[in-house]
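What follows is a set of notes on a single structure, which appears directly below.
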Amino acid sequence: MHVISSAKNLRIARKLKVPANLVGWVRWCSSSSCLPSPIARLLLRLTFLQAPLCQPVCSIMAWQSPNGLVHAMHSIRRAAQLRPFIQRSVISASSPVSSPSTPALLQQCKNARSYATEVEPVAAPPIDLDSFITRPARIIPVSPAYFSGSPKFFDHMLKLEALLAKYAALPTVSPSEAPRMAWFKLLQFRDAVGEPVPTKKYKGLIKLLQRLNRIDPNVAPEEVRTALNFFLRPGNPYGNKPAPRTVDEQGKARGKGKRKASSAVVHLVEGEGEVLVNGKTLNEVFPRLHDRESAVWPLRCTSRLDKYNVWATVRGGGVTGQAEAITLAVARALLVHEPALKPILRKAGVVTVDARRVERKKPGHVKARKMPTWVKR
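Residue numbering for the sequence shown follows full-length UniProt numbering, beginning at 1 and increasing consecutively.
Written out as structure tokens, the structure reads:
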């Protein structure tokens with residue numbers, strides 16, 4: 001066993017640097033069961049001056065022997081307990097009151113069980129189950145589409161799909177007989193929901209709205225009507241239907257029609273089938289058979305040619321344009337007398353406005369589309 005004299009320990013404590021000479025006396029402390037008086041004084045000085053110096057002491061003593069860590073912990077705790085006594089002794093040295101000697105303090109510190117736990121255990125308070133508030137294990141989003149790019153849009157889609165599945169068995173009407181609805185345009189719908197909805201997804205939404213709108217109005221639930229009203233444009237242009245046209249006091253129905261540059265006004269009254277255009281007969285105004293047949297085609301396709309008299313006023317355009325303008329005007333006047341003929345007239349194509357116009361000639365072209373003949377030389 002390597003023994004270090006007390007005089008050398010004092011010289012180490014007073015003259016040499018403490019961190020550079022800790023190994024020698026720590027080896028001796030680790031191989032001994034108790035601390036001699038000079039070493040205890042030295043450790044006491046280290047602890048009193050700077051507490052972090054005790055950490056290398058513990059590490060070195062634990063490295064030297066298995067019981068070194070225990071001795072080091074005992075030494076540090078004893079030194080920590082001696083610090084208040086030393087402070088008291090310093091204060092009492094300046095005062096006339098006598099103070100206990102240092103060996104007595106060391107013996108008192110040695111006998112103290114500094115490693116024992118002096119704190120009494122405190123039990124946890126009882127759990128009040130009445131005030132216990134249950135919380136979910138994780139935060140559940142409000143919307144099922146919370147993690148999608150457009151949660152509000154998908155909420156509307158899911159709502160409409162649920163309504164369609166709920167009322168799929170209700171009778172429907174054809175698209176032509178369904179109520180006309182002015183749905184939101186894409187930009188208006190984006191502003192309403194505040195999300196960048198793609199065009200393709202919005203078209204799918206419109207298809208759902210049109211399918212729900214085809215439910216027979218006589219049996220349509222109020223829930224469906226409320227859901228559809230959200231997607232209507234402000235001031236629905238189709239909501240305010242114009243007053244239906246009626247026959248005047250003389251039994252005449254009036255209709256207007258246009259085709260290209262021609263416009264016609266027709267007065268239709270019940271009669272024997274006479275037709276006058278600008279006060280002339282059909283043969284005088286329209287030499288071609290095709291134009292004469294076109295002018296009275298609404299009456300012919302409904303078998304009403306010999307039941308109504310026609311008085312037409314036409315102006316502008318050419319012969320073909322005037323004949324087709326009279327066709328549209330006669331069809332509209334006939335619907336005033338007999339609205340039930342609309343499906344037949346629509347199928348015949350006489351109540352649809354033909355908005356085609358002649359395409360203009362372009363510079364460098366022979367006509368609207370025709371190019372000059374290309375010649376190599």
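Positions of the beta carbon are idealized from the N, C-alpha and C atoms, including for glycine.
None of the values given here were measured: they were computed from a predicted structure.
{"Asked": "Beta carbon of V277, beta carbon of A312: below 8 Å?", "Found": "yes"}
{"Asked": "Shortest alpha-carbon distance to K185 belongs to which of F147, H365, S143 and R233?", "Found": "R233"}
{"Asked": "Pull up the DSSP beta-bridge partners for L232, would you.", "Found": "W183"}
{"Asked": "Going by DSSP in three states, L129 sits in which element: helix, strand or coil?", "Found": "coil"}
{"Asked": "Around the Cβ of R259, are there at least 16 other Cβ atoms within 10 angstroms (buried) or fewer (exposed)?", "Found": "buried"}
{"Asked": "Hey, how far is the Cα of T327 from the Cα of V266?", "Found": "9 Å"}
{"Asked": "Which residue from L345, A162 and V197 puts its Cα closest to that of R211?", "Found": "A162"}
{"Asked": "Mind the definition here: the segment 123–133 touches the segment 166–185 only if three or more C-beta pairs lie below 8 Å; say whether that holds.", "Found": "no"}
{"Asked": "So, with DSSP's three-state summary, where would you put H290?", "Found": "helix"}
{"Asked": "Taking C-alpha atoms, which residue in K367, N309, T320 and P372 lies nearest to R292?", "Found": "T320"}
{"Asked": "According to DSSP, is H365 part of a helix, a strand, or is it coil?", "Found": "coil"}
{"Asked": "Distance, Cα to Cα, L160 vs T199?", "Found": "18 Å"}
{"Asked": "Closest to E195 by CA distance: which of V173, A295, T281 and P151 is it?", "Found": "P151"}
{"Asked": "Quick check: the segment 336–347 against the segment 297–314, are there 3 or more CB pairs under 8 Å?", "Found": "yes"}
{"Asked": "Which residues share a DSSP beta bridge with K280?", "Found": "V277"}
{"Asked": "Are R214 and V173 closer than 8 Å when you measure CB to CB?", "Found": "yes"}
{"Asked": "Compute the minimum distance between the beta carbon of I215 and the heavy atoms of the ligand PLP, and state whether it is under 7 Å.", "Found": "For the ligand PLP, the structure offers nothing, since it holds no ligand at all."}
{"Asked": "Can you tell me the Cβ-Cβ gap for L345 and V351, rounded? I've got them flagged as a contact below 8 Å.", "Found": "5 Å"}
{"Asked": "Confirm, please, whether the CB-CB distance from V193 to F153 is below 8 Å.", "Found": "yes"}
{"Asked": "Please report the distance separating the alpha-carbon of E284 from that of T373.", "Found": "42 Å"}
{"Asked": "Note down, in chain order, each residue of its chain lying with its Cβ closer than 8 Å to the Cβ of A220, except the 5 sequence neighbours on either side.", "Found": "L170"}
{"Asked": "If I follow the unbroken alpha helix (DSSP H) through L209, where does it start and stop?", "Found": "T199 to N213"}
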